[in-house]
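Using the working numbering, count along the sequence shown one by one with no gaps and you end on 558.
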Amino acid sequence: MSTLGISSPTPDPTTADAAVLHPHEPEAGDLAALAARTAGDDLLAPPVRLDDVVPAPELLEADPGTTFVLTGDTAIRVTTHPGAREVADHLAELLRPATGLPLPVADALAVDPAGPMTLTLAGTTPPPVTTGGSADLGAEGYRLDVSGSGVRVVAETTTGLFYGVQTLRQLLPAAVESPTPVAARWALPGGTILDRPRFPYRGAMLDVARHFFAVEDVLRVVDHLARYKLNHLHLHLTDDQGWRIAVDSWPRLATVGGASEVGDGPGGHYTKDDYRRIVAYASARHVTLVPEIDLPGHTNAALVAYPELAPDKVAPPPYTGTEVGFSYVDPADERTYDFVTDVLGEVAALTPGPWLHIGGDEAYKVKGEVYTGFVERAQRIVADTGKTVVGWHQLAPAAHVDGRVLQWWGTDTADPATADAVRRGARLIVSPGNHAYLDMKYAEDTPIGHDWAGLIDVRRAYDWDPGTHVTDVPTTAVLGVEAPLWTESVTSLADIEFLLLPRLPAIAELGWSPRTTHDWARFRERLAGHGPRWSTAGITFHRSPEVPWPATPTIPGQRPAAKSDTAER
Ligand code: ACM
């Protein structure tokens, strides 16, 4: 734990006022009883503990005797700044549906810094805290204080404020996730959290190529990422089964190459406006899009659309199966590099984030120097767009280019080529197939998914260390962690959510939390409190037997979600 200006030690969660703070108990069965009590009853402890937050904060100091309760008079005050105002509006929009409270937002911090809920961008206004300040909060950190008179979030950036708001949301009872008003006591536990991430890159990948998913589904995935402080969404936009992004200079890629998917479905593609909508929604939630155009293999859909790119110049039939490694664009034809330049140029122009992912995996028919030659040209084309190249770790033998990032998806922990690429300057995103691939089944008897990389239960998703996972790759070369979700067997948003939850928060914690907080026994307890949140919000999840879920809460005034919609499948 760091000593970021908070001198008292973190209380031992096993002893901290255990008589008063009962983790999850009120969520467990009796929100109705809670709601029936008088709002503002100071003797009633909040149902959430400060140390229940996922991912675990870097440092926290509970003040067990203290509670802050939202009321009809509670207002949100925020530093006058457009980005900070956007975070404050986001907070109000999160809290209004369930609480039914007006929660007016005012850019009035400079005038009256003592409002009950304040979001302060340090640097524009002195932080309203006397210890710690915010000097070390960095690009994504925040400080959150809950006292009897208010809740304050301080950060150096709007991203830090946004993460403070995600924590604040978790400190309220699970009923806050209700889309309709609920009578409850909106209490937050007292104390201070000082928090910032371990790794700058924390992500998930959605394969929209094997099965196509509507924009609305992608936005919902962004919501899940933001909730757990994940800051990158990698979209696997192209594969053998479908091409999902409009490219003006090669229009048949989307219109012809997009008209298929695994099985008999119609496929589909994102227009440029669809893509811009995803970018904007993600950006408002501090999530950066990482588009992937998988090259030179995984390209059957492109060859269906443009047979001139095929080695034999003959259009293959659309592919709707699930094999890999058979297709490739012709590395010996200059027209292929026109295609790569045009496609990467248009995708780069649509994408505000710094990354452009060029795949590179499983190009089994493009071998040796032909493969590295292709990759080196593609890497230079990416550099010419002004973006930083990312690729699966098969890119490793190619020459280094500035900033190059490899994404490890192996199921062992040693790869001399990857270690050598790191020595030559590459950084690593760690996505081990046997820990982080969320398309792997939880257990033999769970539906959906695969098992080629093993079964991944919640503990397996949680119990590894991205900082030391790959042999001869130092923690300093690890940019972060990502959980890929391939969709050969995934056909609906409910399927996506079932595979993401509850494993996504495990991966999020590996990316965010200091290693000193790593503790499976505590993690599963903290995670348990999220089941009622997901149920209340209508989010599907796997009721993993490893997690001590509380009984499904009864939310007054809300019809219980249909069992087929949520929870166990
Ligand atoms: C991969 O799983 N082929 C990156």
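Built from N, CA and C at the ideal position, the CB exists for glycine as well. These numbers come from a predicted model, not from an experiment.
Own chain residues within Cβ distance below 8 Å of residue i, not counting five before or after
i: Arg366; result: Tyr326 and Val329
i: Phe533; result: According to the sequence as given, residue 533 is Ser; it is not Phe. If we look at Ser533 and ignore the five residues flanking it on each side, its Cβ neighbours are Tyr431, Asp446, Val447 and Pro491.
i: Ser(-3); result: Because the pLDDT at Ser(-3) is just 31, under 50, the model does not fix this residue reliably, and the value given afterwards should be weighed accordingly. Same-chain partners within the cutoff: Glu50.
i: Ala372; result: Val378, Val390 and Asp391
i: Leu298; result: Thr288, Ala291, Leu292, Val318, Asp319, Asp322, Arg324, Thr325 and Phe328
i: Phe512; result: Val43, Ala45, Tyr451, Ala495 and Glu498
Reference residue i, options the options, closest by Cα
i: Ser478; options: Arg515, Ile437 and Trp501; result: Ile437
i: Tyr295; options: Trp538, Val318, Thr311 and Asp283; result: Val318
i: Asp434; options: Gly362, Asp446, Leu278 and Tyr426; result: Asp446
i: Ala81; options: Ala73, Thr465 and Val94; result: Val94
i: Ile65; options: Leu92, Thr244 and Ile485; result: Leu92
i: Tyr259; options: Pro44, Leu489 and Gly231; result: Gly231
i: Thr148; options: Tyr131, Leu160 and Val211; result: Tyr131
i: Asp262; options: Tyr308, Pro305, Ala291 and Ala338; result: Ala338
i: Ile485; options: Pro280, Arg241 and Val210; result: Val210
i: Leu242; options: Gly137, Leu90, Phe487 and Val293; result: Val293
i: Arg216; options: Thr156, Gly180 and Asp373; result: Thr156
i: Thr480; options: Gly137, Phe201 and Glu47; result: Phe201
i: Thr69; options: Leu84, Leu110 and Leu49; result: Leu110
i: Tyr353; options: Asn220, Glu312 and Trp344; result: Glu312
i: Lys376; options: Leu48, Asp184, Trp344 and Leu208; result: Trp344
i: Thr146; options: Arg522, Glu129 and Gly153; result: Glu129
i: Pro300; options: Gly314, Asp322, His287 and Pro280; result: Asp322
i: Asp184; options: Asp508, Glu498 and Gly286; result: Glu498
i: Pro421; options: Asp404, Asp409, His275 and Ala410; result: Asp404
i: Arg158; options: Arg265, Glu47 and Arg85; result: Arg85
i: Asp572; options: Ala415, Gly443 and Gly349; result: Given that the chain is displayed from residue -10 to residue 558, the structure contains no residue 572 and the question cannot be resolved.
i: Arg522; options: Arg233, Val245, Leu83 and Ala144; result: Leu83
Own chain residues within Cβ distance below 6 Å of residue i, not counting five before or after
i: Gly18; result: At Gly18, the pLDDT of 33 sits below 50, so the modelled position is not reliable; the number obtained from the coordinates is stated separately. Counting only Cβ-Cβ distances below 6 Å, and skipping sequence neighbours, we find Ala540.
i: Gly500; result: Phe188, Arg191, Gly469 and Val470
i: Lys302; result: Pro296
i: Arg413; result: His389
i: Ala176; result: Pro35, Thr56 and Val58
i: Pro599; result: Outside the modelled stretch of the chain, which goes from -10 to 558, sits residue 599, for which no answer is possible.
i: Pro386; result: Thr361 and Ala406
i: Ser502; result: Pro44 and Ala45
i: Ala526; result: Glu166
i: Trp475; result: Asp196 and Asp428
i: Gly314; result: Glu351 and Tyr353
i: Leu39; result: Leu49, Ala51, Pro178 and Gly180
Chain-order list of residues whose beta-carbon lies under 7 Å from that of residue i (same chain, five-residue window excluded)
i: Ala483; result: Thr529
i: Trp538; result: Ala517, Gly520 and Arg532
i: Val419; result: Trp397, Pro455, His458, Val459, Val467 and Val470
i: His424; result: Ile445, Arg449, Ala450 and Trp453
i: Asp6; result: A caution first: Asp6 carries a pLDDT of 28, below 50, which makes its placement in the model unreliable, though a value can still be read off. Pro53.
i: Val332; result: Val236, Trp239 and Ile282
i: Thr506; result: Ala45
i: Gly252; result: Thr309
i: Thr374; result: Leu333, Gly334, Ala337 and Leu345
Contact test: residue i Cβ vs ligand 2 heavy atom, cutoff 7 Å
i: Ala497; result: Annotation note on ligand 2: not contained in the displayed structure, which lists ligand 1 as its ligands.
Short CB-CB distance (under 8 Å) between residue i and chain D
i: Val245; result: No chain D appears in this structure, which consists of one protein chain only.
Under 6 Å, CB to any heavy atom of ligand 1. Which residues pass, going along the chain?
Asp350, Glu351, Trp381 and Trp398
Taking the runs of the alpha helix (DSSP H) that are 4 residues or longer, which of them lie wholly in the segment 276 to 336?
289 to 294
Where are the beta strand (DSSP E) runs, 3 residues long or more, that stay fully inside the segment 383 to 459, in chain order?
394 to 397 and 416 to 419
Run through the segment 34 to 118 for me and flag every whole beta strand (DSSP E) of 3 or more residues, listed as ranges in chain order.
48 to 58, 65 to 67 and 106 to 110
Quick check for students: name the residue ranges of the beta strand (DSSP E) that lie wholly in the segment 156 to 194, counting only runs of 3 or more.
176 to 184
Along the chain, which unbroken stretches of the beta strand (DSSP E) at least 3 residues long are found entirely within the segment 467 to 533?
467 to 474
Where are the alpha helix (DSSP H) runs, 4 residues long or more, that stay fully inside the segment 234 to 280, in chain order?
241 to 244 and 261 to 273
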